[in-house]
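Going by the working numbering, the letters in the sequence shown line up with residues 613 to 747, in that order.
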Amino acid sequence: MTFDANYLKYQKESFLFYKPIDGVITNKFNPHRKHFGIDIVAAENTAIKSVMSGRVIFASRTIESGNTLIVQHQNGIISVYKHCASLLKKDGDYVSEKEVIAIIGNTGSLSFGTHLHFELWINAKAVDPELFIKF
Numbered sequence: 613m614t615f616d617a618n619y620l621k622y623q624k625e626s627f628l629f630y631k632p633i634d635g636v637i638t639n640k641f642n643p644h645r646k647h648f649g650i651d652i653v654a655a656e657n658t659a660i661k662s663v664m665s666g667r668v669i670f671a672s673r674t675i676e677s678g679n680t681l682i683v684q685h686q687n688g689i690i691s692v693y694k695h696c697a698s699l700l701k702k703d704g705d706y707v708s709e710k711e712v713i714a715i716i717g718n719t720g721s722l723s724f725g726t727h728l729h730f731e732l733w734i735n736a737k738a739v740d741p742e743l744f745i746k747f
């Protein structure tokens, strides 16, 4: 599935996303390099918030991504939060938009400093979060 300008305009008008964290984007979305999200640097112990209400479908640690939380939202939307120091929600929890769900960290073998790797997926396709969220 491709996302043309009309589809992106529809998505922007149809859904309201909040920033997961205030910080500086240091690595942009680049699917050609298998970087399916953005990296956001912020101060240690900064709270990470859900970009939209939904249900936690994954809250665990992986070798590469460290502490990772995945939230399923309405209309085929999924948000992913990686490299967290700690996860404040568990599988099955319902979260509201802007609710604190994790703490920024530096976990996992692919992390090289305190940051949030954030991904946004629509209908099983990774999309550039900067097209939907004003950072």
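Even glycine gets a Cβ: it sits at the ideal position worked out from N, Cα and C.
query	result
The region 717-725 contacting the region 685-696, beta-carbon criterion three pairs below 8 Å	yes
L681 in three-state terms, based on DSSP	strand
Residues near R667 in its chain [Cβ-Cβ closer than 6 Å; skip 5 each side]	Q684, Y706
Three-state secondary structure assigned by DSSP to M613	Summary for M613: the model assigns pLDDT 41, below 50, so the residue's position carries little reliability, and this model does not support an answer.
N-terminal and C-terminal residue of the beta strand (DSSP E) that I675 is part of	Neither: I675 is in no beta strand (DSSP E) and is coded neither H nor E.
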